[in-house]
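Asks: Quick one: structure below, then a few questions.
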Amino acid sequence: MDFLNNFQLNSLMFLIPSLFMFCCGVYGFLTRRNMIAMLISLELMLNAVDMNFVVFNRFLCPAQMDGMFFTLFAIAIAAAETAVAIAIIINAYRIAKDIDVKDLTKMKF
Amino acid sequence: MESVGSIIAYVVVALAIMIFSVLAVTTRKILRSATFLLFALFATAAVYFMLGYQFLGGVQIAVYAGGIVVLFVFSILLTSHPGDNSSKLESKKKTVGLIGAVAMFAVCAWSLISRCSVIKNLPDLGETQLPTMKQIGADLMSSGDHGYLLPFEAISVLLLACIIGGIVVARKK
Amino acid sequence: MEATLPLLILVLPLLMFLFLGLFGKFMSHKWAGIIGTAGMGVTMILAYYTAYLYFFSGNFVEDGTRVQYIVFNQDWLSLWGNLVIKLGFLLDPISALMLVVITTISFMVHLYSNGYMRDHHGVWETGFQRFYAFLSLFSFSMLGLVVATNIFQMYIFWELVGASSYLLIGFYYTKPSAVSASKKAFIVTRFADLGFLIGILILSFTTGTFDFMSLTSTPLAGVENTYIVDAATATTALETGAGQMFLGGSLMTWALVLIFMGGMGKSAMMPLHIWLPDAMEGPTPVSALIHAATMVVAGVYLVARLFPLFMINDDLGGAALDIVTVVGALTAFYAAVVACTQLDIKRVLAFSTISQIAFMMVSLGVSRPEVHDNLGYMASMFHLFTHAMFKALLFLGAGALIHAVGSNDYTAMHGLRKRMPITHITFLVGCLAIAGIIPFSGFFSKDEILTACFGNSIIAYVWMSMVAGLTAFYMFRLYYLIFWWKEHKVHEGHHAPKDQPWTMTLPLVILAIVATFAGFVPFGDLVTWNGHPHHGGINWMIASISLCVALLAIGLATIMYRKENPLPERMRHLFPNLWTWARNRFYFDELYMFITHKIIFNSICKPIAWFDRHVIDGTMDAFASVTNKASYAIRGLQSGNVQSYVWVYLIGAIVLGGGTVAVIFLFF
Chain C
244 MDFLNNFQLN SLMFLIPSLF MFCCGVYGFL TRRNMIAMLI SLELMLNAVD
294 MNFVVFNRFL CPAQMDGMFF TLFAIAIAAA ETAVAIAIII NAYRIAKDID
344 VKDLTKMKF
Chain A
-1 MESVGSIIAY VVVALAIMIF SVLAVTTRKI LRSATFLLFA LFATAAVYFM
49 LGYQFLGGVQ IAVYAGGIVV LFVFSILLTS HPGDNSSKLE SKKKTVGLIG
99 AVAMFAVCAW SLISRCSVIK NLPDLGETQL PTMKQIGADL MSSGDHGYLL
149 PFEAISVLLL ACIIGGIVVA RKK
Chain G
2 MEATLPLLIL VLPLLMFLFL GLFGKFMSHK WAGIIGTAGM GVTMILAYYT
52 AYLYFFSGNF VEDGTRVQYI VFNQDWLSLW GNLVIKLGFL LDPISALMLV
102 VITTISFMVH LYSNGYMRDH HGVWETGFQR FYAFLSLFSF SMLGLVVATN
152 IFQMYIFWEL VGASSYLLIG FYYTKPSAVS ASKKAFIVTR FADLGFLIGI
202 LILSFTTGTF DFMSLTSTPL AGVENTYIVD AATATTALET GAGQMFLGGS
252 LMTWALVLIF MGGMGKSAMM PLHIWLPDAM EGPTPVSALI HAATMVVAGV
302 YLVARLFPLF MINDDLGGAA LDIVTVVGAL TAFYAAVVAC TQLDIKRVLA
352 FSTISQIAFM MVSLGVSRPE VHDNLGYMAS MFHLFTHAMF KALLFLGAGA
402 LIHAVGSNDY TAMHGLRKRM PITHITFLVG CLAIAGIIPF SGFFSKDEIL
452 TACFGNSIIA YVWMSMVAGL TAFYMFRLYY LIFWWKEHKV HEGHHAPKDQ
502 PWTMTLPLVI LAIVATFAGF VPFGDLVTWN GHPHHGGINW MIASISLCVA
552 LLAIGLATIM YRKENPLPER MRHLFPNLWT WARNRFYFDE LYMFITHKII
602 FNSICKPIAW FDRHVIDGTM DAFASVTNKA SYAIRGLQSG NVQSYVWVYL
652 IGAIVLGGGT VAVIFLFF
């Protein structure tokens, strides 16, 4: 019970899960071929970063709220970005009848 | 020294974050993937609540979990047939991706642990010092130090542009 | 004086230009013509009123002297120090005179074009509205030029005038000859303006001012011969500047000669005259307005504007005025000789214009305070006025003939006097006026020019009298060839030439009346170099001699050209070389072609072109082809596959991040 008595929440305890979440996002982004699945991975990464902001804010300078505001705006931007990305995906689907990222390589040159 | 309840809550939340993240990127059914993303987002919101940012947690649930995931679900339904499995990944690609992600994790974790200055115990604050709604509102509308009026306005323009852009891009020709 | 009226004189044509230029194609041809003409009419009335106020209200006379009056003078470009370019409105005898001349001729031409710019079946010329817009633009620029308060404003409008002249000469832009004529006019005058600009820079650098009033200060205000102003800083600076020599001429002489070079270009003085005959490719009303009455006298106006400076220069022993005289005298004779042999009636008139402008130049050049108190200046302005009237009349008459016959060549005309009586009478009036027959206006102004020449030197007098005789001769040659001789068969029947509609004949009649009576204007009271009234009267001795010369020349022309006869042929065979040379305009164009093509193009331009093509372009091409090849080689990296990009990015991030942390971990 000594361990339980001395247990203290520290920043690493939040940063590691957040990092894990981020790396999951990276893995998903690298391996998934469905564009929506890639977008979901992207959201995971964004979310992990948001969490980092909040954690650093809370642990390093709790008197201010800047990290929180960054997260707030990041959420708003993420919403906007997702909307546009989905619009593009739907458009791509309409053109290619498919949203496999391997098939959408025409805009390279 | 934390209460047993908060320890349990932390463990549950941390596990939820990791498990749902992994599931979201590994499941082959795309709709499930979105559902697991939703759970991961909920867990993140729980972290915010735990740290005392109630407003942010609310926003996380309302916008992320409520808005964006619904958007995902709709687009999934528009672009794929229910019951479709995404094709099985080649094991080689899977391995390579895993190596990349693990390498990333290793580097970042190593750098986090080796820089001990970021490891801090949770500062104990009285209830009064946590941000109140009134303070958040005042800061969002203030143009002084730590005021966020300009980004607030900018983001309103950005959202408008996104509305228009989304319509223009997705519109049927 | 209120600034509103003078401002309106400038603004109205500009507005007309913008209005017709922007909205012209949305309105019918007829209305575009009516609106343009009405706008110019209002401008004319305003200009008349302004000139009336200036000359006759008495508000602008102090101690018996007409003053130079600045209506407004606005800062336009304030660069630094005293390098301030202003736009303003200067009212003095010559600018008021020019206001009247420009607006009158411009209005007549606007009216006339309503008839000229459509064919016999009433079909309007394409681009009719554009034509009116350009006419308005020209009127605006010319008015801005004459009322300029400073030499830089004058330069700005000078170029604007050149540009609108370019646009109008090239009005028939589908015709290659018109296009090359407009280019020629623009390039030649532009070349001359280079000299003008350098002259302006020298002048304003030494004096520190652009302003005409400070440059020529107080010659109008003071006593007799007070043109050397001791107090005025500008003039002092000029006198100091005059001490510096460059290539045998003082700085001031150089400045004035270079400025005069600009005037030579615009006023088609030899050897920069080559553009004017070609400029006749434009529509005839344009030739009447721009290339006979207004723009081409800008050079004369420029010299007149800076005349006090020329006098100071002459007083200090500079040669600027003598150069003006010599260039003018040579040009006058040359153009008169060439005019005797041309076939195209518009070209005859063009050379006649060159010759007459040269008269004005000579008159300015011989003007000295000791010769009848600068009679030459007054005579020059007087001749400018009368010449504008009768030359516009002649051009518009020629336009009516061309419009009726459909050709510029007099050999296609012959014997038109019964078919086109109004044109005939008015053209005859113009010929009599330019020949200097009493009581037509040309008699008075030419007489005063000859008097001024006589006062200066007997050589100048004899020379110019001879040119005056030649003028009478070639004008009546033209007159007889057009209106007498036996009529052509083709003129019979349905397409017989006849007098043109009233829009074309009315300006002819009005101008003929003006050309007849303009000589009785008491010019000496109105326009003199220093604002003092000048009461010279007619020198009857010189007047009767020149009248005799003119009558003799007309008599000779009558003998040779009244009926078809072998005399001209015999004359031609008597001086075969002279005739060929004159017919080919003394090969000036060929000389220019030789110099530009053979000498400049071959020895300068070709090496430069080679350098440009092989060295400069070669370097650029090498850059381009290296870039092209390199990107072709590496374009495989751009697979279009997003995930492979992410891979590259991820590896980079891991290496950078890991490396940074490792370095920090190991060394700190």
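Residue numbers (the numbering used here), protein chains in the order written: chain C, 244 to 352; chain A, -1 to 171; chain G, 2 to 669. Think of the CB as a built atom: it goes at the ideal place given N, C-alpha and C, for glycine as much as any other residue. This structure is a prediction, so every number in the text was calculated from the model and none was measured.
Select from Ala4(G), Thr66(G), Phe311(G) the residue whose C-alpha is nearest the C-alpha of Leu527(G).
Replies: Looking at the Cα atoms, Thr66(G) is the closest of the given residues.
Asks: Quick one: Cα of Phe72(A) to Cα of Ile259(C), how far?
Replies: C-alpha separation (whole angstroms): 32 Å.
Asks: Compare the C-beta of Ala22(A) against all C-beta atoms of chain G and say whether one is closer than 9 Å.
Replies: Answer no: the Cβ-Cβ gap between Ala22(A) and chain G never drops below 9 Å.
Asks: For the beta strand (DSSP E) containing Val258(G), list its first residue and its last residue.
Replies: Taken as a continuous stretch (DSSP letters only), Val258(G) belongs to no beta strand (DSSP E), being part of the alpha helix (DSSP H) at 252 to 267.
Asks: If I'm right that Ala38(A) touches Phe70(A) with Cβ under 8 Å, what's the distance once you round it to whole angstroms?
Replies: With a Cβ gap of about 13 Å, Ala38(A) and Phe70(A) do not count as contacting.
Asks: In terms of alpha-carbon separation, which member of Phe192(G), Arg420(G), Ile438(G) lies closest to Thr472(G)?
Replies: The residue with the shortest Cα to Cα distance from Thr472(G) is Ile438(G).
Asks: Just to confirm, are Gly366(G) and Leu394(G) a CB contact at a threshold of 9 Å?
Replies: Not in contact: Gly366(G) and Leu394(G) (Cβ atoms no closer than 9 Å).
Asks: Is the Cβ of Gly3(A) closer than 9 Å to any Cβ of chain C?
Replies: No, Gly3(A) lies away from the interface with chain C (no Cβ there is under 9 Å from its Cβ).
Asks: So, helix, strand or coil for Lys564(G), using DSSP?
Replies: Three-state DSSP puts Lys564(G) in coil, outside helix and strand.
Asks: Listing by chain order, which chain A residues have their CB less than 7 Å from the CB of Ala326(C)?
Replies: The contacting residues are Leu69, Cys160, Gly164.
Asks: Beta-carbon separation of Leu289(C) and Phe103(A) under 9 Å?
Replies: No, the pair does not count as a contact, with Cβ atoms beyond the cut-off.
Asks: Beta-carbon of Leu347(C) versus every beta-carbon of chain B: anything under 9 Å?
Replies: Given the protein chain composition of this structure (C, A and G), no chain B is represented.
Asks: Say whether chain C places a C-beta atom closer than 9 Å to the C-beta of Gln130(G).
Replies: By this cut-off, Gln130(G) is not an interface position.
Asks: Please decide whether Met223(A) counts as near chain C, where near means a Cβ-Cβ distance under 9 Å.
Replies: The displayed coordinates of chain A run from -1 to 171. Any statement about residue 223(A) would go beyond what the structure contains.
Asks: Quick one, are the C-beta atoms of Ile478(G) and Ala558(G) less than 9 Å apart?
Replies: Rather than Ile, the amino acid found at residue 478(G) in this sequence is Arg. Going by C-beta atoms, Arg478(G) is nearer than 9 Å to Ala558(G).
Asks: For Leu273(C), which residues in chain G fall below 8 Å Cβ to Cβ?
Replies: Chain G residues near Leu273(C): Gln644, Val647, Trp648, Leu651.
Asks: According to DSSP, Ser288(G) sits in a beta bridge with which residue or residues?
Replies: According to DSSP, which records beta bridges pairwise, Ser288(G) is partnered with nothing at all.
Asks: Under 7 Å between beta-carbons, which chain C residues line up against Gln58(A)? List them in chain order, please.
Replies: Neighbours of Gln58(A) on chain C, chain order: Ile318.
Asks: Does the separation of the CB atoms of Leu277(G) and Ile355(G) fall below 9 Å?
Replies: In this structure, Ile355(G) lies closer than 9 Å to Leu277(G) by Cβ.
Asks: Quick check on the DSSP output: the alpha helix (DSSP H) that includes Trp159(G) runs from which residue to which?
Replies: Element bounds for Trp159(G): 152 to 170.
Asks: Any beta-carbon of chain A closer than 9 Å to the one on Phe668(G)?
Replies: No, no contact with chain A.
Asks: Kindly give me the distance between the Cβ atoms of Leu451(G) and Met467(G), rounded to whole angstroms, as I take these residues to be in contact under 8 Å.
Replies: Contact doesn't hold; Cβ gap of about 11 Å is too wide.
Asks: I'd like the list of long-range same chain contacts for Asn226(G), defined as Cβ closer than 8 Å, with 5 residues on each side in sequence excluded.
Replies: The predicted position of Asn226(G) is uncertain, since its pLDDT is 32 and thus under 50; no value can be drawn from it.
Asks: Any beta carbon from chain A within less than 9 Å of Val664(G)'s own beta carbon?
Replies: Answer no: the Cβ-Cβ gap between Val664(G) and chain A never drops below 9 Å.
Asks: Counting only C-beta atoms, is Gly50(A) closer than 9 Å to chain G at any point?
Replies: It does not: the Cβ of Gly50(A) has no partner Cβ on chain G nearer than 9 Å.
Asks: Against chain C, does Gly135(A) count as a neighbour if the rule is that its beta carbon must be under 9 Å from one of theirs?
Replies: No, Gly135(A) lies away from the interface with chain C (no Cβ there is under 9 Å from its Cβ).
Asks: Can you tell me whether Tyr228(G) is buried or exposed, with buried defined as 16 or more other CB within 10 angstroms of its CB?
Replies: Annotation note: pLDDT 34 at Tyr228(G) (below 50); position unreliable, coordinate value reported separately. Buried.
Asks: Could you please give the first and the last residue of the uninterrupted beta strand (DSSP E) stretch that includes Trp77(G)?
Replies: Run containing Trp77(G): 70 to 81, per the beta strand (DSSP E) assignment.
Asks: Please state whether the Cβ-Cβ distance between Gly268(C) and Leu255(C) is less than 9 Å.
Replies: No.
Asks: Return helix, strand or coil for Pro508(G), following the three-state DSSP convention.
Replies: If DSSP states are grouped into helix, strand and coil, Pro508(G) belongs with the helices.
Asks: Can you confirm whether the region 413 to 423 of chain G touches the region 370 to 386 of chain G when touching is taken to mean that 3 or more C-beta pairs between the two stretches lie within less than 8 Å?
Replies: No, the region 370 to 386 of chain G is not in contact with the region 413 to 423 of chain G.
Asks: Starting from Ser112(A), find everything on chain G with Cβ-Cβ shorter than 9 Å and list it in chain order.
Replies: Within chain G, the residues near Ser112(A) are Val662, Ile665, Phe666.
Asks: Could you tell me the distance, in whole angstroms, from the CA atom of Leu96(A) to the CA atom of Phe624(G)?
Replies: Taking the straight line from one Cα to the other gives about 44 Å.
Asks: Helix, strand or coil for Lys26(G), going by three-state DSSP, please let me know.
Replies: If DSSP states are grouped into helix, strand and coil, Lys26(G) belongs with the helices.
Asks: Given Ser114(G), which residues of its chain have a CB within under 6 Å of its CB, disregarding the five upstream and five downstream residues?
Replies: Closer than 6 Å at Cβ, skipping near neighbours: Pro286.
Asks: Is it right to say Glu570(G) is buried, meaning 16 or more other beta carbons lie within 10 angstroms of its own, or is it exposed?
Replies: Glu570(G) is exposed by the Cβ-count criterion.
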